[in-house]
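Here's the structure we're looking at; comments come further down.
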Amino acid sequence: MDSYSSNDISAVVEADRAHVWHHLSQHKPYETVDPRVIIEGKGMRVWDARGKEHLDAVSGGVWTVNVGYGRESIANAVRDQLIKMNYFAGAAGSVPGARFAQRLIEKMPGLSRVYYSNSGSEANEKVYKMVRQIAHKHHGGRKWKILYRERDYHGTTIGTLATSGQAQRAAQYGPYPDGFVMVPHCLEYRKQWDVENYGLRAAEAIEEVILREGPDTVGCLVLEPVTAGGGVIVPPAGYWEKVQEICAKYDILLHIDEVVCGVGRTGTWFGYQHYGIKPDFVTMAKGVASGYAAISCTVTTEAVFELFKDDPTDTMSYFRDISTFGGCTAGPAAALENMRIIEDEGLLDNTTAMGARLMGNLRALMDKHAVIGDVRGKGLFCGAELVADRGSKEALDEKRVQAVVADCMAQGVIIGATNRSVPGLNNTLCLSPALIATPDDIDQITDAIDQALTRVCG
Ligand code: PMP
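Each residue of the sequence shown is one higher than the last, beginning at 1 in UniProt numbering.
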């Protein structure tokens, strides 16, 4: 890290302290300590303003930089595209927009249309708007409700916060619009039903909500394939088959939120592809361009798309939505190159292999540290839930969870923990290294956790 002078960096840190409002941060401590500023990245590693090197086990903090830092080929693809054609509103097509949509759809049998915007929240909100318009256009206003699951998260706008299964995230920003209804989570470790086939029972709980609300009022069900910030929850066997069956039975559109799992994170292109699900909508954002440009996609079937085709003179018939920067060409140009890298470097296979190593290491840590109550994961997306007591499963207090994260940070490894939005359950360490991780990287991550747990929890 040598491209900035120490004076430059001090000035940056002071400017940041004086003027930048950081995401999801309490700023009071920054009155006395420096805010964290990340200066450079290469491969799996980043350097902060003090010159300290970190192994990034969370892909840019929020499961985003799937192909790693410093990819010149993506920067060049974006640069070349911007010089040729940077922007025209999305009512018109673009060369990278068309090419990326085609490449994406090749990976998503059964789906056929891509709607571009900028963030995961927006991509999800587009689905909610499509569902509402379908209700108006085709169901006489019925089928307008959208079901979401406890502990899942779908975004930060008021509309998507109305589908937050993490209560504290939404608590201070209401009131919310009507028609969003929560169904129970499916985390077997935190059992809500004492039954043999937990997956089936958790899916039946969705059916109970549908029957309570009235099937003709419910238009859509949105689910994360593996719940991310809500605790790295991999649904139990039998869950998805039943969910699919319920959606078909009651004519409910199934929306899979792949904002975290999408584009390789779990070892397949999309998380839902582990389970043979046939979604009506798939949304994606973070890993689509690995953070090299802003892009999100709302992908749907030709059948849904056809519902919006109509008499061209009827100005109420089409999807009346626009996202100014959804017409940017940098996003799809970066996404195309990102996809090429994943394919040419065999990163899906690497994700499966390194994910297995990470889970194996975490299971070994479980034998050593009683404080680990459960480990869960799919591909390079793993969690270790920390408990004060394995018998009662009482959550480890947040102070110590944060101390484990801080200890790893001091060792030069950035790990995450479930956000502070699930009361009493802010206790799952989250690991999501880039898909290029090597065995040494994986071992460095789990060694750091091992040492941190020994220091913090004994
Ligand atoms: N869905 C999921 C599953 C997410 O984890 C997130 C972001 N953490 C979002 C949607 C929202 O994405 P964005 O922050 O890009 O709006």
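Ideal placement from N, C-alpha and C gives every residue a C-beta, glycine not left out.
> With 16 other CB atoms within 10 Å as the buried threshold, where does F88 fall?
Replying inline: Counting Cβ neighbours within 10 Å, F88 comes out exposed, since fewer than 16 surround it.
> In whole angstroms, what separates the C-alpha of A403 from that of I74?
Replying inline: Answer to the nearest angstrom: the Cα atoms are 36 Å apart.
> Which of the three DSSP states, helix, strand or coil, is assigned to V181?
Replying inline: DSSP places V181 in strand when its eight states are reduced to three.
>> So, at 8 Å on beta carbons, what are the nonlocal neighbours of T157 in its own chain, with the 5 sequence-adjacent residues on each side left out?
In response: Excluding sequence neighbours, T157 sits near S121, E122, E125.
> What's the gap between the Cα of I449 and the Cα of V456?
Replying inline: Between I449 and V456, the alpha-carbon positions lie close to 10 Å from each other.
> Which word fits H136, buried or exposed, when buried means at least 16 other C-beta atoms lie within 10 angstroms of its C-beta?
Replying inline: By the 10 Å Cβ count, H136 comes out exposed.
>> Looking only at its chain, what residues have a beta carbon closer than 7 Å to the beta carbon of R103, apart from the 5 residues adjacent to it on each side?
In response: Cβ neighbours of R103 beyond the five flanking positions: L336, M339.
>> Between Y148 and the ligand PMP, is there a pair consisting of the residue's CB and a ligand heavy atom that are separated by less than 8 Å?
In response: No, since every heavy atom of the ligand PMP falls outside the 8 Å radius drawn around the Cβ of Y148.
>> Contact defined as beta carbons within less than 8 Å: I believe L347 pairs with L435. What is the distance between those atoms, to the nearest angstrom?
In response: Going by Cβ atoms, the distance from L347 to L435 rounds to 4 Å, so yes, they are a contact pair.
>> Assuming contact is defined by CB atoms lying nearer than 9 Å, are N118 and K286 in contact in what I supplied?
In response: Not a contact, by the Cβ cut-off of 9 Å.
>> Could you check whether the Cβ of W63 sits closer than 8 Å to any heavy atom belonging to the ligand COA?
In response: In terms of ligand content, the structure shown lacks the ligand COA and carries the ligand PMP instead.
> Quick check: the stretch 238-245 against the stretch 198-205, are there 3 or more CB pairs under 8 Å?
Replying inline: Look at the beta carbons and you see the stretch 238-245 touching the stretch 198-205: at least three pairs across the two are nearer than 8 Å.
> Taking just the CA atoms, how far does G199 sit from P236?
Replying inline: Spanning the two alpha carbons is a distance of roughly 5 Å.
>> Just to confirm the assignment: which complete alpha helix (DSSP H) runs, minimum length 4, are found wholly within the stretch 295-365?
In response: Correct list: 302-306, 330-344.
>> Quick test of your reading: V282 and F270, contact by CB under 8 Å. State the CB separation rounded to the nearest angstrom.
In response: Rounded, the Cβ-Cβ distance is 6 Å, consistent with contact.
> Is the stretch 260-274 touching the stretch 176-193 in the sense that three or more CB pairs, one from each, lie closer than 8 Å?
Replying inline: The stretch 176-193 makes no contact with the stretch 260-274: fewer than 3 CB pairs, one atom from each, lie closer than 8 Å.
>> Just list the residues that DSSP pairs G416 with in beta bridges.
In response: The partner list for G416 (beta bridge, DSSP) reads C430.
>> Measuring alpha carbon to alpha carbon, tell me which residue in H54, L24, G41 is nearest A406.
In response: A406 has its Cα closest to that of H54, out of H54, L24, G41.
> When DSSP labels each residue in this structure, what does W47 get in the three-state scheme?
Replying inline: Three-state result, W47: strand.
> Do I252 and L147 come within 9 Å of each other at the CB atom, strictly closer than that value?
Replying inline: L147 is a Cβ neighbour of I252, given a cutoff of 9 Å.
> Counting pairs of Cβ atoms below 8 Å between the stretch 312-329 and the stretch 79-94, do you hit three or more?
Replying inline: Yes, the stretch 312-329 touches the stretch 79-94.
> D443 by DSSP, collapsed to three states: which one?
Replying inline: The answer is helix: DSSP assigns D443 an H, G or I state.
> By the 10 Å Cβ neighbour count, where 16 or more other Cβ atoms means buried, how is I367 classified, buried or exposed?
Replying inline: Checking the sequence shown, residue 367 turns out to be Asp, not Ile. Counting the other CB atoms within 10 Å of its CB gives D367 a total below 16, which places it among the exposed residues.
> Mind checking Q26: buried by the 16 CB within 10 Å criterion, or exposed?
Replying inline: When all chains shown are included, Q26 counts as exposed.
> Quick one: what does DSSP say M108 is sitting in, helix, strand or coil?
Replying inline: Coil, per DSSP.
>> Less than 9 Å between CB atoms is the rule here; does M409 satisfy it with respect to chain C?
In response: Judged by its chain identifiers, the structure shown contains no chain C, having just a single protein chain.
> In its own chain, which residues sit with a C-beta less than 7 Å from the C-beta of residue 461, not counting the 5 before and 5 after it?
Replying inline: With the chain covering only 1 through 458, there is no way to say anything about residue 461.
> By how many angstroms is the C-alpha of S432 removed from the C-alpha of A58?
Replying inline: Checking the sequence, you will find Val at residue 58 rather than Ala. One C-alpha to the other measures close to 5 Å.
> G383: beta carbon under 8 Å from a heavy atom of the ligand PMP?
Replying inline: The answer is no for G383.
> Is V33 buried or exposed, if buried means 16 or more other CB atoms sit within 10 Å of its CB?
Replying inline: Burial check for V33: the Cβ neighbour count within 10 Å stays below 16, so the residue is exposed.
> What residue from G70, D314, K399 has the CA that sits closest to G291's CA?
Replying inline: When each option's Cα is compared against that of G291, the closest is G70.
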